[in-house]
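Colleague:
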Amino acid sequence: MQKSGVVVVVRDANAQIYGQSLCSSLLQNGWAEDAQAARTAQEQDQQTVQTVQTVQTVQTVQTDETIDDLNAILKTACSIANTLGTAECADSGPGEVPEGLSHIS
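Just so we're aligned: 5 in the numbering used here is position 1 of the sequence shown, and the numbers increase by one with no gaps anywhere.
1. Evaluate the contact criterion for the stretch 102-109 versus the stretch 74-81: three or more CB pairs, one atom per stretch, below 8 Å.
2. Between which two residues does the alpha helix (DSSP H) harbouring residue 32 extend?
3. In this structure, does DSSP put residue 17 in helix, strand or coil?
4. Is the stretch 55-68 touching the stretch 25-43 in the sense that three or more CB pairs, one from each, lie closer than 8 Å?
5. Identify whether residue 11 lies in helix, strand or coil by the three-state DSSP scheme.
6. Which value, in whole angstroms, describes the spacing of the CA atoms of residue 57 and residue 29?
7. Thinking C-alpha only, which one of 17, 72, 67, 27 is nearest residue 49?
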C-alpha cells in the first residue's frame, strides 16, 4: 500500500484475515495498492525463509557432529573405567557402555 510517497507492506500469517481488514481500511482512507512493494516483500520473505532453513541445517549438522564426539568420549571413558574395574585390585567386572546421545536430526 502507498500514499503520498509512503509505502506500507502488510504481512499477515493468520489466514490473511487481519491483513485483508487492514488493507481494506487503508484503501478506504485513500491508500493505493503497490504491486512492486508487494513483490519485493514476497522476495524478502522467501530469502528469509531460505536463510533460516540453511542456518537450521548447518546447526543440525554441527550439533550431530558434537554428539558423535561426545559419544566417542563416553565409549572411551567407559573402556578405561572397565579396564580399571577388572584389575587385580577390583571387586567387580566391567559394565556395559551406556547408550549414547541421539542425533537431533
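No residue lacks a Cβ here, since even glycine has one placed at the ideal position from N, Cα and C.
Modeller: Result, derived from the coordinates:
1. yes
2. 21-32
3. coil
4. no
5. strand
6. 35 Å
7. 17
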